[in-house]
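In the numbering used here, the protein residues as written are 5 to 133.
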């Protein structure tokens, strides 16, 4: 069974005993946010998905259909710090999560694109392949 983003939101609304309005506000959005998503009047970005995950007490990956288990909500704005590097943002974490869920062929294509863009930008990647 393949359920949608909205099926998962609905399931979590029921599980947490919240209305769409309450969850929208808990997510840091206006009270009509979930309704607007359903009506395609709004498009979620990673920050808003993370906010919904917190409000609905689940993981962003669950809402996106990457994981079947609701898991735990994000607990911080950053998830990892590499010495000398900036913290990993929600957008970067989501990008990594989605990348890991892709078939190998798609990962190779994306990696080739990243290397091309890095080269255009003058970013040295060494023997990263």
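From the three backbone atoms N, C-alpha and C, an ideal C-beta is built for every residue, glycine too. In this text the structure is predicted, and so the values were computed from the model without any measurement.
- For residue 124, the secondary structure class from DSSP, reduced to helix, strand or coil, is helix.
- In this chain, residue 44 is not harboured by any alpha helix (DSSP H), its DSSP state being neither H nor E.
- When secondary structure is reduced to three states using DSSP, residue 129 falls in the coil class, being assigned neither helix nor strand.
- Judged by DSSP in its simplified three-state form, residue 63 adopts coil rather than helix or strand.
- Under a 10 Å Cβ-count criterion, residue 34 is classified as exposed, with fewer than 16 other Cβ atoms of the shown protein chains found around its own Cβ.
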